[in-house]
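Take a look at the structure set out below.
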């Protein structure tokens, strides 16, 4: 058998093209053993394979190699050789696969979900004397087909009624076999979109006529034209969706909290109203203390394990004891009647039920083939996670430093532990097996309704997680991550999570992250990267700090004292400027009439009118611990907060990795240290501050992001979206644009710092627009919170005259939602609370009860629930009909 591969590709001097494939003749997939092609004419490369036997179907890729240069690979799925019967010779003409301009449409969100083709054709078989054309067209709707029309009788002489429909078995690749003998070569042709049932023309491809001019050299030859791309004539595809945490979903028969089976009911509502996507918050296990503190969903104890809270108990199994069944049914009814989640009772009740059902049915479940396959497939993370859970229970703490001989992860000790506590290990396997099964069921159900699930990948994990216990070298456990000050928190945010040791992670090609993404891809077709800025740089905070104000960027390029002098004429005094400057006149501002008492208890005089904090209270961590043991009242709270504020009052922070180098403190212009500078020093400080935070790191951080993100994004076929809010360097949109990551657009947090509100009419296409997020008040809560801002929005955005209504009346909410639906954004995903805000009879009475999280409070209780059941929502016919109509009219 003769196979000739051809590709037109322009190379630079010294570069050559190679082919790597899944057969021995092409190196069995080993890129180091790829076979070099021959340059047969300018830019035309060719490789001829003479094989003794039919190799069957195989995959192959093209690679550009050059001495002492990084190899260049194609994007996306490999090329596919398909073997036919009776064919002696194959001539294949390929195109190099670069990153397409419509990359999002190749994601599983479209291929398996929103544009899913449930009834595909049977795979096409190569035939002797035919030309096989393959074209990529992922944007074709499920009720549409791709056809070819052109010159000649076989192609219908340009009559769409006689166009030939292509085969969609390999969607988003379409293909067709054309009879070489029945067509005069060369001929012109085009691809065309037709309505599947009626053959109505929906659009000719937006390009000049294509020309085919290759003749078959023998009757036993098969020609393949591979890698064509459709020039889409249609308007940009747009879709709508809803954002709601799983725990917030309320149905008639749940256990006081939303679960994975409730997702199916939300999918029903999405389908009913014409929505295509359902977005949720993180669903990984966060069980650490067994208290409500564990309700924070962005602090997982495992990046793989799912939270047991999301199990639907009745789907797991039914208890034999009727009294025990009635007990749990009654408990579920009581919990479900609560206006919010009782996190502790819900989880305690579910754990109790699961242990009882495991005792009754666990042995039977463990014999199932699918259970054994689940355990085998996931053992690499499941066994360490189960061990972590068992040790947390034995020692009654998630802090592995308190686990004695198990403080450090050890495979041999883990094995002995799994034998000694086999039943406990099996229980955690059993719970994770059912969670996996139920979430897969929900995902498949969503696909069948043309809806996709969008997950959330938190930027961090708990420092006392199974992951940090197993692989501590991957994390900087002596620091904590957070965020600089923003609209959510003027003191910055301190999440208490460890930062990442990226250099260590890179040693195996970021495998930890790839495993994390691939696990997510088992359940989701789209995902939100929480705080994508963390892949450029993270806001790192010392362990002895409480406020985010004392953080610094890592990685970063801090100033040396010499650079500050030579480049900015700023003379730093580290002994003063990196420590709180406490002068007598400042104490009145901080402590008022408690000044003398504070001086005696907490301060030491260091000379003149200058003081320093006593050693027992000279860090924010010490302040917190000291006041934790004192009864709280207004006076002690004021003193505590004033002491924390004094410690914040520095001009520079010394870099912990490079002594003698300094970061200007974020928002330093509001410190007393800044106030005491001379006017000239202030001017110079402002110059270095602006350079540091807005210019100095752009190229540096661009490189860091492009080092990490491409291999992670390419490890799955999910649609990538990102939370890119906050202090955004110029390099962030550049990277996101290059990698085609959908940005997040919130009207109240515009990317243009010169405007107060975002312009929805000019949002980028590759974006997700929304009215609010889980970290802020909804439309109604925001409307009532700042009357001046509301009036400006009313006048300049809604273009209404007169005084703005005190409340966000339904017509106002409706108008705001319309601005988002009509925006250019690919996806418009609104919180459920905001969708309902435009119906006065449906929305909640108090808008302040709708906010899910208060980011300024690190100990916020995440317990928001829908105030009506999904079943009730499904019965709101007028609301649902109106919602479906407005989504349809906005062409979403």
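Residue numbers (my numbering): 635 to 1526. All residues carry an ideal CB built from backbone N, CA and C; glycine is no exception.
Determine the direct distance from the alpha carbon of residue 1410 to that of residue 1429, and round the result to whole angstroms.
Position 795 of the chain shown, counted from the first residue, corresponds to residue 1429. Position 776 of the chain shown, counted from the first residue, corresponds to residue 1410. Answer to the nearest angstrom: the Cα atoms are 23 angstroms apart.
Take residue 762 as the anchor and find which of 855, 806 and 694 has the nearest alpha-carbon.
By one-based count along the chain shown, residue 762 stands at place 128. Minimum Cα distance to residue 762 is reached at 855.
In the DSSP output, which residue or residues are listed as bridge partners for residue 713?
Locating residue 713 in the chain shown gives position 79, where the first residue counts as 1. The partner list for residue 713 (beta bridge, DSSP) reads 694.
Residue 1493 (DSSP reduced to helix, strand or coil):
Translated into positions along the chain shown, residue 1493 becomes position 859. Residue 1493 falls in the coil class under three-state DSSP.
Helix, strand or coil: how does DSSP classify residue 871 here?
As a working mapping, residue 871 is identified with position 237 in the chain shown. Three-state result, residue 871: coil.
Should the segment 885-895 be called in touch with the segment 775-795, which here means at least 3 C-beta pairs below 8 angstroms?
No, because fewer than three Cβ pairs between the segment 885-895 and the segment 775-795 fall closer than 8 angstroms, the two stretches do not touch.
Going residue by residue through the segment 1375-1444, where are the continuous alpha helix (DSSP H) segments of at least 4 residues, counting only ones entirely within it?
1413-1419 and 1421-1430
Classify residue 1281 as helix, strand or coil using the three-state DSSP reduction.
As a position in the chain shown, residue 1281 is number 647, starting the count at 1. Helix at residue 1281.
So, with DSSP's three-state summary, where would you put residue 1199?
Against the chain shown, residue 1199 aligns to sequence position 565. If DSSP states are grouped into helix, strand and coil, residue 1199 belongs with the helices.
Residue 1286 lies in the beta strand (DSSP E); which residues open and close that run?
The residue labelled residue 1286 in the question sits at position 652 within the chain shown. It spans 1286-1288 - the beta strand (DSSP E) in which residue 1286 sits, taken as one unbroken run.
Which residue or residues does DSSP assign as beta-bridge partners of residue 1133?
Indexing the chain shown from 1 puts residue 1133 at position 499. For residue 1133, which the question treats as bridged, DSSP gives the partners 1110.
Going by other Cβ atoms of all chains shown within 10 Å of its Cβ, with 16 needed for buried, is residue 845 buried or exposed?
The sequence position of residue 845 within the chain shown is 211, counting from 1. Exposed, by the Cβ-count rule.
Bounding residues of the alpha helix (DSSP H) (the contiguous stretch that carries residue 997)
By one-based count along the chain shown, residue 997 stands at place 363. From DSSP, the alpha helix (DSSP H) with residue 997 extends over 977-999.
Compute the distance between the beta-carbons of residue 1052 and residue 1061, then report whether it is under 8 angstroms.
Counting from one through the chain shown, the residue named residue 1052 turns up at place 418. Counting from one through the chain shown, the residue named residue 1061 turns up at place 427. Contact: no.
Can you list the alpha helix (DSSP H) stretches of 4 or more residues lying completely in the segment 1304-1377, in chain order?
1306-1309, 1313-1328, 1332-1347 and 1365-1373
Please identify the residue among 1389, 850 and 1073 whose C-alpha is closest to the C-alpha of residue 944.
Taking the chain shown and counting its residues from 1, the one referred to as residue 944 is at position 310. Ranked by Cα distance from residue 944, the options 1389, 850 and 1073 are led by 1073.
Own chain partners of residue 1101 with C-beta closer than 7 angstroms, once the 5 adjacent residues on each side are dropped:
Taking the chain shown and counting its residues from 1, the one referred to as residue 1101 is at position 467. Cβ within range, chain order: 936, 937 and 1095.
With distances taken Cα to Cα, identify the nearest neighbour of residue 1412 among 1487, 1433 and 1437.
By one-based count along the chain shown, residue 1412 stands at place 778. Nearest of 1487, 1433 and 1437 to residue 1412, Cα basis: 1487.
To test your reading of the DSSP string, which unbroken beta strand (DSSP E) runs of 3 or more residues are found completely within the segment 1197-1267?
1237-1241 and 1244-1247
Cβ atoms of residue 1392 and residue 1375: under 8 angstroms apart, would you say?
Along the chain shown, one-based indexing puts residue 1375 at 741. Along the chain shown, one-based indexing puts residue 1392 at 758. For residue 1375 and residue 1392, no; Cβs fall outside 8 angstroms.
Exposed or buried, which one is residue 818 when buried takes at least 16 other CB atoms within 10 Å?
Locating residue 818 in the chain shown gives position 184, counting from the first residue. Exposed: under 16 other Cβ atoms inside 10 Å.
Between the Cα of residue 659 and those of 674, 636, 924 and 648, spot the shortest distance and give me the residue it belongs to.
The residue given as residue 659 occupies position 25 in the chain shown. Taking residue 659 as reference, the option from 674, 636, 924 and 648 with the minimal CA-CA separation is 636.
In angstroms with no decimal places, state the Cα-to-Cα distance between residue 1015 and residue 1008.
Here residue 1015 refers to the residue found at position 381 of the chain shown. Here residue 1008 refers to the residue found at position 374 of the chain shown. Cα to Cα, the separation comes out at about 12 angstroms.
Please state if the CB of residue 912 and the CB of residue 1080 are separated by a distance shorter than 8 angstroms.
On the chain shown, position 446 is the one that residue 1080 refers to. On the chain shown, position 278 is the one that residue 912 refers to. Yes, Cβ-Cβ distance for residue 1080 and residue 912 is below 8 angstroms.
Have a look at 950, 972 and 1044 and flag the residue whose alpha-carbon is nearest the alpha-carbon of residue 987.
Translated into the one-based positions of the chain shown, residue 987 becomes position 353. Closest by alpha carbon: 950.
Does the distance from the CB of residue 1452 to the CB of residue 1397 come in under 8 angstroms?
Here residue 1452 is taken as the residue at index 818 of the chain shown, counted from 1. Here residue 1397 is taken as the residue at index 763 of the chain shown, counted from 1. In this structure, residue 1397 does not lie closer than 8 angstroms to residue 1452 by Cβ.
Tell me, to the nearest whole angstrom, how far the beta carbon of residue 745 is from that of residue 701; I am working on the premise that it is less than 8 angstroms.
For the purposes of this step, residue 745 is taken as residue 111 along the chain shown, with counting starting at 1. For the purposes of this step, residue 701 is taken as residue 67 along the chain shown, with counting starting at 1. Going by Cβ atoms, the distance from residue 745 to residue 701 rounds to 39 angstroms, so no, they are not a contact pair.
Is there contact between the segment 1081-1095 and the segment 1244-1262, where contact requires at least three CB pairs shorter than 8 angstroms?
no
Go through its chain and collect everything with a Cβ distance to residue 1203's Cβ below 7 angstroms, but skip five positions before and after it.
Position 569 of the chain shown, counted from the first residue, corresponds to residue 1203. For residue 1203, where only same-chain residues beyond five positions count, the Cβ hits under 7 angstroms are 1318.
Taking the straight line between their C-alpha atoms, what separation do you get for residue 807 and residue 778?
Here residue 807 refers to the residue found at position 173 when the chain shown is read from its first residue. Here residue 778 refers to the residue found at position 144 when the chain shown is read from its first residue. Distance between the alpha carbons of residue 807 and residue 778 is about 14 angstroms.
Per the DSSP calculation, residue 1116 is bridged to which residue(s)?
Reading the chain shown from its first residue, position 482 is the one you call residue 1116. BP columns for residue 1116 point to 1128 and 1173.
What three-state label does DSSP hand residue 876 in the structure shown?
As a first step, residue 876 is located in the chain shown; it is residue number 242 there, counting from the start. In the structure shown, residue 876 sits in a strand (DSSP, three-state: E or B).
Taking 7 angstroms as the cut-off, is the CB of residue 1402 close to at least one heavy atom of the ligand MN?
What this structure holds is no ligand at all, so the ligand MN is not there to describe.
Specify the secondary structure class of residue 1085 as computed by DSSP and reduced to three states.
What you label residue 1085 is simply residue 451 of the chain shown in a count that begins at 1. Coil.
Where do the N-terminal and C-terminal ends of the beta strand (DSSP E) with residue 802 fall, by residue?
Sequence index remark: in the chain shown, residue 802 carries index 168 (1-based). Run containing residue 802: 801-804, per the beta strand (DSSP E) assignment.
So is residue 1357 buried or exposed if we call it buried at 16+ other beta carbons inside 10 Å?
What you label residue 1357 is simply residue 723 of the chain shown in a count that begins at 1. Buried, by the Cβ-count rule.
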